[in-house]
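Colleague: Under the numbering used here, the first residue of the sequence shown is numbered 92, with each subsequent residue one higher.
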Amino acid sequence: MEISQKLLYISGLIVIGVAIIVGINKFNSSSAESNFDALHIDLLEIAGRARSYYKRSDMTKGGGYSFKGLTADRTGLSKIFAKPKNENGTFEIITAGNDDSLVVQATGHHDSDDDGQLFTIRMSVYPDSQRFEVVSY
Numbered sequence: 092m093e094i095s096q097k098l099l100y101i102s103g104l105i106v107i108g109v110a111i112i113v114g115i116n117k118f119n120s121s122s123a124e125s126n127f128d129a130l131h132i133d134l135l136e137i138a139g140r141a142r143s144y145y146k147r148s149d150m151t152k153g154g155g156y157s158f159k160g161l162t163a164d165r166t167g168l169s170k171i172f173a174k175p176k177n178e179n180g181t182f183e184i185i186t187a188g189n190d191d192s193l194v195v196q197a198t199g200h201h202d203s204d205d206d207g208q209l210f211t212i213r214m215s216v217y218p219d220s221q222r223f224e225v226v227s228y
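#1: Which one of Asp190, Glu93, Gly167 has the shortest CA to CA distance from Phe182?
#2: With distance defined between alpha-carbon atoms, name the residue in Ala197, Lys97, Asn179, Ser157 nearest to Thr211.
#3: Taking just the CA atoms, how far does Tyr156 sit from Gln208?
#4: Within 10 angstroms of the Cβ of Ala110, are there 16 or more other Cβ atoms? Answer buried if so, exposed if not.
#5: For Thr166 and chain D, any beta-carbon pair shorter than 9 Å?
#6: Could you tell me the boundaries of the alpha helix (DSSP H) in which Gly167 lies?
#7: With DSSP run on the structure shown, which of helix, strand or coil describes Lys159?
#8: Hey, how far is the Cα of Thr195 from the Cα of Asp164?
#9: I'd like to check one pair, Asp133 with Gly180: are the Cβ atoms closer than 9 Å?
#10: Give the straight-line distance between the Cα atoms of Ile112 and Pro218, rounded to the nearest whole angstrom.
Encoded structure:
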């Protein structure tokens, strides 16, 4: 084999290696974005259930126009969401409900930027809306 053929062969291997690395990075990025979107959907479901709890009367195990029964522990969360952990992430009430708001936090399973910190989304739920805050991504 001539030296030019060897250089061409080595160059081809380098290009293929770079393409594989780029493909892996794209896949990981897409996976993290999908998990981030899934957490948003789960948080929207929690917001809807929290508002349903808010509007139900005390007699039907609701809040009677208050979020107060949604405490910052597993019991409070279980009133509006089946499990504190699912395939998308971990959920917790970080600020117990009061008359007009509740704060829920979701932590995903992916570290999107390899800084050792999983991404976290915090959601404040109000009787007629919700507000999202990205704590870490």
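Beta carbons are placed, not taken as given, at the ideal position from N, Cα and C, and that holds for glycine.
Modeller: So, from the listed chains and residues:
#1: Checking every option, the nearest Cα to that of Phe182 belongs to Gly167.
#2: Nearest to Thr211 by C-alpha distance, out of Ala197, Lys97, Asn179, Ser157, is Ala197.
#3: Distance from the CA atom of Gln208 to the CA atom of Tyr156, rounded to whole angstroms, is 37 Å.
#4: Ala110 should be labelled exposed.
#5: In the structure shown, chain D cannot be found, because there is only a single protein chain.
#6: Element bounds for Gly167: 165 to 169.
#7: Reduced to three states, the DSSP call for Lys159 is coil.
#8: A small correction: the amino acid at residue 195 is Val; Thr does not occupy that position in the sequence shown. As the crow flies, the alpha-carbon of Val195 is around 11 Å from that of Asp164.
#9: Their beta carbons are under 9 Å apart, which means Gly180 touches Asp133 by this criterion.
#10: The straight-line gap separating the alpha-carbon atoms of Ile112 and Pro218 is approximately 47 Å.
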